[in-house]
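S.K.: In my numbering, the protein residues as written are 60 to 207.
Before I ask anything, let me first share the structure, which is written out below as structure tokens.
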Amino acid sequence: MGKRSTARKLAMQALYQYQVQKANQEEILDYTLTKDQYIEETRSFAAEIFNGCIDNMNMLDKLIADYAIDWKLDRIALIDKAILRVAIWEMLFTDTSIKVIISEAIELIRKYSVYEAIKFINGVLGGIAKNRADIQKRERITPLCLPE
Numbered sequence: 060m061g062k063r064s065t066a067r068k069l070a071m072q073a074l075y076q077y078q079v080q081k082a083n084q085e086e087i088l089d090y091t092l093t094k095d096q097y098i099e100e101t102r103s104f105a106a107e108i109f110n111g112c113i114d115n116m117n118m119l120d121k122l123i124a125d126y127a128i129d130w131k132l133d134r135i136a137l138i139d140k141a142i143l144r145v146a147i148w149e150m151l152f153t154d155t156s157i158k159v160i161i162s163e164a165i166e167l168i169r170k171y172s173v174y175e176a177i178k179f180i181n182g183v184l185g186g187i188a189k190n191r192a193d194i195q196k197r198e199r200i201t202p203l204c205l206p207e
């Protein structure tokens with residue numbers, strides 16, 4: 060697994076723990092990033108994603124609710140919400156390819172959720188991807204250019 064893929068997975072795991080434990084976000088992130096040995100670049104990107112998701116949780120959840128047709132936010136599995144938050148944050152706040160983001164989210168779903176969630180996640184992310192520029196403009200988001 061690549062550095063960025065690992066970072067996405069770690070950010071998703073930390074977000075999931077944060078939802079479940081409602082504990083201190085710094086402690087959860089620190090534990091997640093130090094339970095195994097990761098290179099600094101991976102830890103840094105995971106922390107950036109996690110903190111970005113926490114800082115923008117209300118906006119991310121509103122987008123999920125808006126694009127999850129016929130689904131209320133509280134009915135979406137916690138792991139699926141964590142994966143969606145990571146993907147949506149990266150879609151809006153970085154210059155990473157939309158195809159890469161959606162593909163990585165689907166891989167996380169395959170590994171950590173149920174098969175039926177693939178279509179749901181793909182639909183939500185596809186809808187947000189189509190409206191990405193409008194959302195960024197409305198929310199006044201300038202994507203970060205990330206090093207490869």
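Idealized CB from N, CA, C, for every residue including glycine.
Do Leu137 and Ile180 have their C-beta atoms within less than 8 Å of each other?
M.R.: no
S.K.: In its own chain, which residues sit with a C-beta less than 7 Å from the C-beta of Val22, not counting the 5 before and 5 after it?
M.R.: Past the edges of the chain, shown from 60 to 207, lies residue 22, and the structure says nothing about it.
S.K.: Looking at Val79 and Ile108, is the spacing between their C-beta atoms short of 8 Å?
M.R.: Going by beta carbons, Ile108 and Val79 fall outside the 8 Å limit.
S.K.: Quick one: any contact between the segment 93-105 and the segment 184-194, if contact means 3 or more CB pairs under 8 Å?
M.R.: no
S.K.: Under 8 Å by Cβ, that's how I've got Ile87 and Ala73 pegged, so tell me the actual separation to the nearest angstrom.
M.R.: 5 Å
S.K.: Let's see if you can read the secondary structure: which residues bound the alpha helix (DSSP H) around Arg199?
M.R.: Looking at the DSSP string, Arg199 is not in any alpha helix (DSSP H), and its letter there is neither H nor E.
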